[in-house]
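Residue numbers (our numbering): 4 to 376.
No residue lacks a Cβ here, since even glycine has one placed at the ideal position from N, Cα and C.
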């Protein structure tokens, strides 16, 4: 390594190192908050990855954090909540704009990025993870989009990457269920499972002989990582697939909602937890998640996905469930949110006062189709 961590010009909570063989190492370094993202760090990452894109000396990027407990547990929603309370909506929206610009850049990146997703990979952290072509998990990885618990919604591209996984994506979006390495690998969220130590895996990648691979850098990484991949025994997700398909049909919101909540007496702890998460979660989050999954099943570019999510996020943070959900889980920690009351459990009944109409015609058409507008 040639750069000392202190010399990085991007952000004090990022460690940036130049490694041999054309590699750069980027580390999130906010261990107290499990490497949570705020506007300053996503803006810094956006600038860094833009610079690296144009630097011909850089062949590949390794992206991780300084602690095994988490790669990134998500956005700093406490800070976002405070901005909303202070009526600084523009500042809150700036966070989403920068975050989605970063995710979009990574989805379209021409150079290989390898993300080491050890520990918690959740929310905004999962958005970063899913935008990279090489997504490594370990037996200690725990992945989820748990926004149902805080009254936000699965964003950061989840509109598409949940819809791409069919019934499993709908179920995990509605319940915020935590996935192990086995589950993440089985549905293609992770590309490889590694049981070797991080530094062993990294060293192997740093030593790749690029010239040995005429088929290109991505092929070189694929071959090397395939040699490190270790299959793991099925986890709770795979053991629950039949049930997931039976309760997440994606035809009628209320039917799906009631079917999932009805798993409260399932044999599996994992399914019972899913039922509880949805039952105790924000109805508005459940409704918008279900609708976005429907929209995501149509074919949309990442650009379109993030444009729509930018508009939905502006609506969702103003909805009272967001401020209340973060309060209950992360501020007062009483775990007893008072969600906005709904006249009935139809999509229209839940979303009525806050119709998320956007400039997106196909989204508005979907809202009409399901009687929301």
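Reference residue i; option with closest CA among the options
i	options	result
residue 210	197, 228, 195 and 218	228
residue 318	303, 354 and 144	354
residue 64	205, 193 and 192	205
residue 194	203, 120, 218 and 162	120
residue 357	287, 22 and 340	287
residue 200	341, 151 and 140	140
residue 54	91, 11, 373 and 38	11
residue 58	35, 89, 101 and 21	21
residue 340	257, 282, 364 and 306	282
residue 300	336, 366, 289 and 217	366
residue 305	240, 164, 335 and 235	164
residue 335	84, 112 and 244	84
residue 60	240, 239 and 26	26
residue 285	372, 169, 153 and 90	153
residue 169	24, 374, 244 and 36	244
residue 67	36, 19 and 215	19
residue 231	34, 203 and 368	203
residue 24	70, 220 and 91	220
Span of the alpha helix (DSSP H), counted from its first residue to its last, around residue i
i	result
residue 46	42-56
residue 116	From DSSP, residue 116 is part of no alpha helix (DSSP H) but of the beta strand (DSSP E) over 116-120.
residue 365	364-372
residue 260	256-264
residue 329	323-329
residue 291	286-300
residue 28	Where residue 28 is concerned, there is no enclosing alpha helix (DSSP H), although the beta strand (DSSP E) it sits in stretches over 26-31.
residue 247	244-250
residue 274	272-283
Sub-8 Å separation of residue i and residue j beta-carbons
i	j	result
residue 117	residue 137	yes
residue 124	residue 52	no
residue 280	residue 362	no
residue 47	residue 103	no
residue 325	residue 155	yes
residue 132	residue 260	no
residue 128	residue 143	no
residue 315	residue 291	yes
residue 185	residue 149	no
residue 191	residue 159	no
residue 323	residue 343	yes
residue 32	residue 17	yes
residue 278	residue 242	no
residue 114	residue 56	yes
residue 196	residue 239	no
residue 182	residue 146	yes
residue 269	residue 151	no
Residue range of the beta strand (DSSP E) that includes residue i
i	result
residue 357	Where residue 357 is concerned, there is no enclosing beta strand (DSSP E), given that its DSSP letter is neither H nor E.
residue 20	17-21
residue 124	123-125
- request: Mind the definition here: the region 313-333 touches the region 78-85 only if three or more C-beta pairs lie below 8 Å; say whether that holds.
  value: yes
- request: For the region 305-317 and the region 260-269, state whether three or more C-beta atom pairs, one from each stretch, are separated by less than 8 Å.
  value: no
- request: Ignoring anything shorter than 3 residues or poking outside the region 140-185, list the beta strand (DSSP E) runs there in chain order.
  value: 145-147
query: Three or more beta-carbon pairs under 8 Å between the region 293-302 and the region 156-176, yes or no?
result: yes
- prompt: Quick check: the region 33-48 against the region 87-102, are there 3 or more CB pairs under 8 Å?
  reply: yes
field: 4-residue-minimum alpha helix (DSSP H) runs that sit fully inside the region 57-103, ordered along the chain
entry: 80-88
field: Ordered list of alpha helix (DSSP H) runs contained in the region 184-223, each at least 4 residues
entry: 184-189 and 201-209
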